[in-house]
Amino acid sequence: MAGWLVHSVACFYLIRTIRHTLIRTILTLAPCILLTHIGCQDLTKIHFLSILTVSLYWMMSIRLIHLIVLSPNKLTAFRSFVFQILWNIFPIVSSKSIENQWPIIVDFISVGMKVTVNHWLYEWLLSCEPNDSYARIAMFYFALLTTSYMTDIQTGFIRLITRDEYTLESFTNFPLFSRSLRDFWGRRYNRLVGTVLKESLLQPLNLYISSREIMALITFIVSGLLHVHIVIVVFNDVSSALSTFAFFIVNSIACGIEAYMKIQLPQPLGSLVTHLFLLLTAPMCIGIYTREVAYFPVNVPPLYDNKWIPKFSIPSVCPK
Numbered sequence: 001m002a003g004w005l006v007h008s009v010a011c012f013y014l015i016r017t018i019r020h021t022l023i024r025t026i027l028t029l030a031p032c033i034l035l036t037h038i039g040c041q042d043l044t045k046i047h048f049l050s051i052l053t054v055s056l057y058w059m060m061s062i063r064l065i066h067l068i069v070l071s072p073n074k075l076t077a078f079r080s081f082v083f084q085i086l087w088n089i090f091p092i093v094s095s096k097s098i099e100n101q102w103p104i105i106v107d108f109i110s111v112g113m114k115v116t117v118n119h120w121l122y123e124w125l126l127s128c129e130p131n132d133s134y135a136r137i138a139m140f141y142f143a144l145l146t147t148s149y150m151t152d153i154q155t156g157f158i159r160l161i162t163r164d165e166y167t168l169e170s171f172t173n174f175p176l177f178s179r180s181l182r183d184f185w186g187r188r189y190n191r192l193v194g195t196v197l198k199e200s201l202l203q204p205l206n207l208y209i210s211s212r213e214i215m216a217l218i219t220f221i222v223s224g225l226l227h228v229h230i231v232i233v234v235f236n237d238v239s240s241a242l243s244t245f246a247f248f249i250v251n252s253i254a255c256g257i258e259a260y261m262k263i264q265l266p267q268p269l270g271s272l273v274t275h276l277f278l279l280l281t282a283p284m285c286i287g288i289y290t291r292e293v294a295y296f297p298v299n300v301p302p303l304y305d306n307k308w309i310p311k312f313s314i315p316s317v318c319p320k
C-alpha cells in the first residue's frame with residue numbers, strides 16, 4: 001500500500017495541478033496500472049481475499065481517475081482526498097444518510113441468522129461435486145449474500161462506539177427485493193463497488209456524456225473488465241474471460257431495454273423475473289466459482305470453527 005500512498009500524494013499535490021488533460025491522464029493511469037500489476041503478482045490463487053485485493057486496486061484507480069482527471073477541483077483538502085481513495089477499506093458513512101435505519105440490536109441479530117445459514121450452505125456446497133448447474137449457482141448466490149455477517153458485526157460495533165452517528169455502507173440492500181435489473185445493479189447488489197462506480201464514473205461522466213444508456217454501458221464494461229482481471233490473475237483461467245465479460249454486456253443490454261421500454265413489473269413478479277434472468281445468465285460469470293474444485297476448501301468462512309454457532313444436518317441431495 002506504500003506505493004499507492006506515494007502515488008496518491010503525487011496525484012494530489014503535483015499531477016492534479018497539470019492543466020493538460022492527456023498528460024494528467026497518463027501520469028495518473030500509468031502508475032495505477034503498474035501498482036495493480038505488481039500487487040497482483042503474489043496473490044493466493046482462488047482465495048476470496050485475493051478477489052477483494054484486486055477489486056480494491058481497481059476501486060482506488062477509479063477514484064484517482066475521477067478526482068485527478070475528471071474532477072481535479074472537486075476536493076481541495078488532502079484528508080478528504082485520501083478518505084475517498086481508501087473508502088473501500090473504511091466505508092464509513094453518516095447514519096443519517098441511511099434510509100430506514102433499523103435499531104442496532106438488529107445488526108447483531110442478523111449476524112446470528114446469517115452466520116448459521118452461511119455455514120450450512122458452505123458445508124452443503126463443500127460436500128457436493130463441483131458444477132455450474134443453476135441449483136448450485138443459486139446456492140452460491142445465497143451463500144455470498146449471507147457472507148455479509150462479518151460486515152454486520154463491524155457495523156453494530158461502529159454504531160455503538162459512535163452512538164449511532166456513523167455506520168458502514170452495507171454490502172447489499174436486500175437484493176432479493178429488486179424490482180428490476182436496474183434496481184438490482186444500481187441500488188441493491190454490492191453497494192461498495194456500486195457506490196464507487198456511481199460517484200466516480202457515472203456522475204463525472206454525466207458532465208461529458210448526455211446519454212444515460214452510454215454511461216451505463218461504460219459502467220458495465222468497467223465492471224466486466226474488473227471481473228475478467230479477477231478470472232485471469234486469481235483463477236488463472238483465460239478461457240473464462242470472454243464469457244465473464246459477456247455476462248456484463250448482456251446485463252447492460254437488458255438494463256437498456258428495461259429503460260427504453262419503461263418496464264415496471266409489480267411485486268413479487270418484478271423480483272421473480274429479475275432473478276430468473278440473473279440465474280439464466282449467471283453461469284457465464286459465477287460458473288468459474290462453482291466449478292472450481294479447490295474454491296470451497298480454500299475459502300473457509302470466518303468463524304467456521306466456533307462451537308457456539310448452531311450446526312444443521314446437510315441434505316444428502318446435491319444440486320445438479
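To convert, note that position 69 of the sequence shown is 69 in full-length UniProt numbering; the numbers rise steadily by one, no gaps. Note that CB positions come from ideal geometry on N, CA and C, so glycine has one too.
DSSP places Y166 inside the beta strand (DSSP E), whose first and last residues are Y166 to L168. Positions of the beta strand (DSSP E) runs, each at least 3 residues long and wholly inside the stretch 272 to 309, cannot be given because no such run exists. With contacts defined by Cβ atoms closer than 7 Å, K114 and Y141 do not form a contacting pair. The continuous stretches of beta strand (DSSP E) do not include V234, and DSSP gives it neither H nor E.
The alpha-carbon separation between R16 and L197 amounts to approximately 21 Å. Cα atoms of A241 and V231: separation of roughly 6 Å, rounded to the nearest angstrom. Across the structure, W120 and I89 are spaced so that their CA atoms are roughly 28 Å apart. If you check the CB distance, R63 and S200 come in under 7 Å. Cβ contact annotation for V238 (same chain, cutoff 7 Å, sequence separation greater than five): I232, in chain order. By the Cβ rule, the stretch 14 to 33 counts as touching the stretch 55 to 75, because three or more pairs are nearer than 8 Å. Approximately 5 Å separates the beta-carbon atoms of D152 and S110; this is inside 8 Å, confirming the contact. Going by DSSP, S210 is part of no alpha helix (DSSP H) at all; its letter is neither H nor E. Annotation: the stretch 88 to 135 contains the following complete segments of the alpha helix (DSSP H) (minimum length 4 residues), in chain order: 104 to 127. Judged by DSSP secondary structure, F48 falls within the alpha helix (DSSP H) whose first and last residues are F48 to L64. Looking at the backbone, the Cα of T274 and that of A2 are separated by about 42 Å. Rounded to the nearest whole angstrom, the C-alpha separation of S71 and L205 is 10 Å. By the C-beta density criterion, T44 is exposed, having fewer than 16 other C-beta atoms within 10 angstroms.
Taking the Cα positions, R291 is about 33 Å away from L86. Here L217 carries a helix assignment [DSSP, helix/strand/coil]. A distance below 7 Å separates the beta carbons of L181 and E258. When only Cα atoms are considered, L280 and Y134 end up about 7 Å apart.
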